[in-house]
Structures are given as structure tokens and as C-alpha cells.
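The structure under discussion appears below in the form of C-alpha cells.
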Amino acid sequence: MPELTRRRALVAGAAVAAAGGLATQAASAATTPPSAAPASAGMAPGHDHGGPAPFDEVYRGRRIEGRPTAGGHHGSGYGVFIDGVELHVMQNADGSWISVVSHYDPVPTPRAAARAAVVELQGAPLVPFK
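Per my numbering, residue 464 is the first one in the sequence shown, and the count goes up by one each step.
Below is the structure:
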């Protein structure tokens, strides 16, 4: 019998974990009725990806908007605008959001990213990012 190496142990562990995950998914899918999943208005059932809610407000004298868009930078499908000019935002892998204005200060929502940008701009106009 061949000697057990670190590589073989890791491969075996990964295979066991993957098999366990597939078994859990199959069991969950078998017990959940299709009508239990909420459907968004205007979308086919099962296509709600839980994106951020749209917003439109005036914050510190600046109009900030956020809404779903087609495509966009990094394929996020969500646009944030300050006084009608697009603020480049990106969602991180952990679900937090950053903007080109406050790139090193992640926030929980696109609305919070827009507000942080307004504070950082201190009244200066937002220049479009191309």
C-alpha cells in the first residue's frame, strides 16, 4: 500500500467535503417545495438575486440615486449616481461596497458608499470615471 502523503490526504479530504456538500444540497432541494422561494415582481421564479434596493434621496444637499442597471463596470448591474453623474462602485466578495472616491473604506450598502462619497467630496463636483 502506498504511503499516505500530504497531497493524497488533501485530495481525499476535498473529495469527502465535496461529496458531503452535494448530498446536503440534494437533500435540501428534495425537501423544499418550489413555491417556497419568493419571486420578485416582473421576474421569473428563482431569478431574484437579492440585489440592493433602489434609492433616491438628497443627502447634504446632493442628490444621490442607486438603481439596477444593465451591465456596468465589473458586471455589478447596479449604478450609483451623485447629482446625475455615475459614481463608480464595486461590490467586494464579502458583500461590502467600495467606490472610486472612498476606495479603502468599505461600507455595507451602495447607499452608504454614495453618502461616504458626498462627505469625502466636500461639495466638489464628481468627475466621471472612464
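Beta carbons are placed, not taken as given, at the ideal position from N, Cα and C, and that holds for glycine.
Own chain, CB closer than 8 Å to E549, minus 5 neighbours either side, in chain order: G542, V543, P591, F592
Give a yes or no on whether the C-beta atoms belonging to S565 and A580 are separated by under 8 Å. yes
Excluding sequence positions up to five away, which residues of its chain have a Cβ less than 8 Å from the Cβ of H522? A small correction: the amino acid at residue 522 is Tyr; His does not occupy that position in the sequence shown. Excluding residues within five positions, the ones whose Cβ falls inside 8 Å are A577, R578, V581.
Closest by CA to G547, which one among P571, E466, D519, R470? D519
Would you kindly work out how many angstroms separate the C-alpha atoms of R526 and I561, rounded to a whole number? 19 Å
Beta-carbon within less than 8 Å of D568's beta-carbon, same chain only, minus the 5 sequence neighbours each way: which residues are those? I561, A579
Give me the Cα-Cα distance between R469 and E528, rounded to the nearest whole angstrom. 52 Å
Output needed for A575: all residues of its chain with C-beta closer than 8 Å, excluding positions within five of it in sequence on either side, in chain order. W560
Helix, strand or coil at V543 according to DSSP, with G and I counted as helix: strand
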